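Asks: I'd like to ask some things about the structure below.
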Amino acid sequence: MTPSDSKKLEEIKEAWAIKYDFTMQNWPGKPIRDDLQDMDWLLSKVTERDQEIERLREEKRYINGLLEIEQGTVQEQLTRAEKAEAELAQLQKYNEVLKSQRADVYDGGVEDGKREAEAE
Numbered sequence: 000m001t002p003s004d005s006k007k008l009e010e011i012k013e014a015w016a017i018k019y020d021f022t023m024q025n026w027p028g029k030p031i032r033d034d035l036q037d038m039d040w041l042l043s044k045v046t047e048r049d050q051e052i053e054r055l056r057e058e059k060r061y062i063n064g065l066l067e068i069e070q071g072t073v074q075e076q077l078t079r080a081e082k083a084e085a086e087l088a089q090l091q092k093y094n095e096v097l098k099s100q101r102a103d104v105y106d107g108g109v110e111d112g113k114r115e116a117e118a119e
């Protein structure tokens, strides 16, 4: 409960007390205390509700914090996966280049060997 809510409730309680003081003067025997106790009970229920609302707000902030952490972790993992995929694609291209160079060297070596054999 905010301070302004507490102040408003206290003002209402005081207004009721003034009303019932007037009522008591005009109608003797009216149970003023019962109504004031009802107001106290109502005020305690409002206070309990406000405390519950504040507890739920704290819980919501905690859960939102956990979600932000989890989203950050997931985003971090996605970034690492994207980098790994890019690196893998680059390595595959490099591997293809090496294979073609090796094939060229092998084919060139075979051709050289054939020429040497023919020359002899």
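Using numbering that gives the first Met the number 0, count along the sequence shown one by one with no gaps and you end on 119.
Heads up, the beta-carbon is just placed ideally off N, CA and C, and yes, glycines get one too.
Values in this document were obtained by computation on a predicted structure and should not be read as measured data.
Which of helix, strand or coil does DSSP assign to residue 72?
Replies: Stepping through the sequence shown from its first residue, residue 72 is reached at position 73. Looking at residue 72 - three-state DSSP - the assignment turns out to be helix.
Asks: Can you tell me whether DSSP reads residue 46 as helix, strand or coil?
Replies: As a first step, residue 46 is located in the sequence shown; it is residue number 47 there, counting from the start. Three-state DSSP puts residue 46 in a helix.
Asks: CB residue 8 to CB residue 55, shorter than 8 Å?
Replies: Reading the sequence shown from its first residue, position 9 is the one you call residue 8. Reading the sequence shown from its first residue, position 56 is the one you call residue 55. In this structure, residue 55 does not lie closer than 8 Å to residue 8 by Cβ.
Asks: I'd like to check one pair, residue 38 with residue 12: are the Cβ atoms closer than 8 Å?
Replies: Residue 12 sits at position 13 when you count from the first residue of the sequence shown. Residue 38 sits at position 39 when you count from the first residue of the sequence shown. Yes; because the gap between Cβ atoms is below 8 Å, this pair is in contact.
Asks: Rank 1, 96 and 88 by C-alpha distance to the C-alpha of residue 45 and give the top, closest one.
Replies: Locating residue 45 in the sequence shown gives position 46, where the first residue counts as 1. Closest option to residue 45, Cα to Cα, is 1.
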